[in-house]
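Engineer:
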Amino acid sequence: MSTLDLNDTYGAMLIGTFFAIFFQGMLSVQAFIYYESFPEDSKKLKSLVAAVWILDFVHLILICQAVYHYLISNWGNDAALSQSTQELDLHLALVGAASILCQAFFLKRVWAFSKHNWILTGVLSIACLVVFALDLVMTIQGRGSASFSVYSSVASEIEVVTMFSLGAGVDLSIALLLVWYLKQGMSSFEKTNFVLTRVIQYTVATGLATSLLALGCVAAYVAKPRGFIFIAMHFSLGRMYTNALLATLNSRRNLRSALQAEIPSCVLVQDGPGFSRSEWMKDSANATYISG
Numbered sequence: 001m002s003t004l005d006l007n008d009t010y011g012a013m014l015i016g017t018f019f020a021i022f023f024q025g026m027l028s029v030q031a032f033i034y035y036e037s038f039p040e041d042s043k044k045l046k047s048l049v050a051a052v053w054i055l056d057f058v059h060l061i062l063i064c065q066a067v068y069h070y071l072i073s074n075w076g077n078d079a080a081l082s083q084s085t086q087e088l089d090l091h092l093a094l095v096g097a098a099s100i101l102c103q104a105f106f107l108k109r110v111w112a113f114s115k116h117n118w119i120l121t122g123v124l125s126i127a128c129l130v131v132f133a134l135d136l137v138m139t140i141q142g143r144g145s146a147s148f149s150v151y152s153s154v155a156s157e158i159e160v161v162t163m164f165s166l167g168a169g170v171d172l173s174i175a176l177l178l179v180w181y182l183k184q185g186m187s188s189f190e191k192t193n194f195v196l197t198r199v200i201q202y203t204v205a206t207g208l209a210t211s212l213l214a215l216g217c218v219a220a221y222v223a224k225p226r227g228f229i230f231i232a233m234h235f236s237l238g239r240m241y242t243n244a245l246l247a248t249l250n251s252r253r254n255l256r257s258a259l260q261a262e263i264p265s266c267v268l269v270q271d272g273p274g275f276s277r278s279e280w281m282k283d284s285a286n287a288t289y290i291s292g
């Protein structure tokens with residue numbers, strides 16, 4: 001296996017696993033804080049948090065098993081090092097599942113802010129489904145061909161670039177739309193504007209994080225399609241989404257405190273992103289982000 005650069009392949013995969021473990025730890029802490037801080041949230045929202053945590057945890061087990069398979073059980077076995085494993089192939093589907101669940105959460109907010117704009121939300125939803133479908137296609141292709149060469153074929157190159165680029169575009173679009181709608185909620189209340197500014201900062205940060213990582217995967221793949229750097233980066237993409245979701249939910253604790261004097265208590269405990277643009281909505285920060 002003299003043609004294989006271990007630094008760009010299994011070395012990158014090992015480092016990617018370390019980062020995945022770190023982000024899983026962050027996610028676990030955030031999940032604990034969430035359940036401690038928001039016991040009044042709906043079962044649906046609590047189930048969403050549990051689902052994405054479980055998906056990421058199972059994903060972590062699979063990639064750790066794959067790394068152990070290559071670097072411990074079969075180290076020095078050229079035939080084994082050149083073959084993909086079922087665990088490594090399945091990681092694509094798990095990342096896709098966690099990502100689309102988080103995207104659905106943010107899309108529901110776009111739906112609410114846009115006054116139920118079917119076209120806008122529909123286009124973004126279709127784009128998210130396409131990305132998830134490509135994750136599944138790549139998983140099936142990986143199982144159909146045990147060799148890693150499947151990822152460097154012309155067809156796979158189109159699929160990988162499309163999957164990451166479209167995903168980055170969707171995330172950026174969702175973030176920009178939410179920022180635009182939040183800007184419309186600015187009022188003459190200084191405290192309200194302060195909170196809205198903080199929400200906008202959260203939105204931009206989370207949207208940019210997932211978009212930049214997806215674009216980084218594209219760059220790594222185009223630069224070295226036969227390397228595993230893009231796979232290593234992809235290990236943490238799902239956790240970037242889930243950490244963004246939990247960060248958004250947990251940020252409500254500070255935002256609620258800042259708005260306590262301005263927004264009626266009935267608004268603060270409102271569950272779900274649905275809302276109407278009533279007078280209090282025009283004069284204070286939008287309850288969509290405060291209520292989850």
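Residue numbers (full-length UniProt numbering): 1 to 292.
Even glycine gets a Cβ: it sits at the ideal position worked out from N, Cα and C.
Is the segment 14-25 in contact with the segment 63-75, if contact means three or more CB pairs nearer than 8 Å?
Structural biologist: The segment 14-25 vs the segment 63-75: in contact.
Engineer: What's the gap between the Cα of F119 and the Cα of V161?
Structural biologist: One point to set straight first is that residue 119 is Ile, not Phe, in the sequence displayed. Straight-line Cα distance between these residues: approximately 26 Å.
Engineer: What residue from R252, L215 and F164 has the CA that sits closest to I200's CA?
Structural biologist: Nearest of R252, L215 and F164 to I200, Cα basis: R252.
Engineer: Do the segment 23-39 and the segment 233-251 make contact, defined as three or more Cβ pairs closer than 8 Å?
Structural biologist: Contact holds: three or more Cβ-Cβ distances are below 8 Å.
Engineer: Under the assumption that F132 contacts G96 (Cβ atoms under 8 Å), give the Cβ distance between them as a whole number of angstroms.
Structural biologist: The Cβ separation is near 5 Å, so the contact holds.
Engineer: Whose C-beta lies closer than 7 Å to the C-beta of N243 among residues of the same chain, with five residues either side of it excluded?
Structural biologist: Here the set comprises F23, M26, L27 and Q30.
Engineer: Here's the rule I'm using: 16 or more other beta-carbon atoms within 10 Å means buried, otherwise exposed. How should W111 be labelled?
Structural biologist: Label assigned to W111: buried.
Engineer: If you check the beta carbons only, do Y35 and N250 fall under 8 Å apart?
Structural biologist: Against a cut-off of 8 Å, the Cβ pair of N250 and Y35 comes out as no contact.
Engineer: Taking the C-alpha atoms as reference points, what is the distance between V137 and A93?
Structural biologist: Going by the C-alpha atoms only, they are around 9 Å apart.
Engineer: Excluding the 5 residues flanking H91 on each side, which residues of the same chain have their C-beta closer than 6 Å to its C-beta?
Structural biologist: The residues are H59, L62 and I63.
Engineer: One question on the structure: do A127 and L166 come within less than 8 Å of each other, judged by their Cβ atoms?
Structural biologist: The answer is yes: Cβ separation under 8 Å.
Engineer: Are the segment 204-212 and the segment 172-180 touching, with three or more C-beta to C-beta distances below 8 Å?
Structural biologist: Judged by Cβ distances under 8 Å, the segment 204-212 makes contact with the segment 172-180, as three or more pairs qualify.
Engineer: Restricting to Cα atoms, I'd like to know which of F57, L81 and V179 is closest to Y68.
Structural biologist: With distances taken between Cα atoms, Y68 lies closest to L81.
Engineer: For D135, does the count of other Cβ atoms within 10 angstroms reach 16, so buried, or fall short, so exposed?
Structural biologist: With 16 or more Cβ atoms within 10 Å of its Cβ, D135 is classed as buried.
Engineer: L88 to A50, Cα distance in whole Å?
Structural biologist: Those two C-alpha atoms are separated by around 23 Å.
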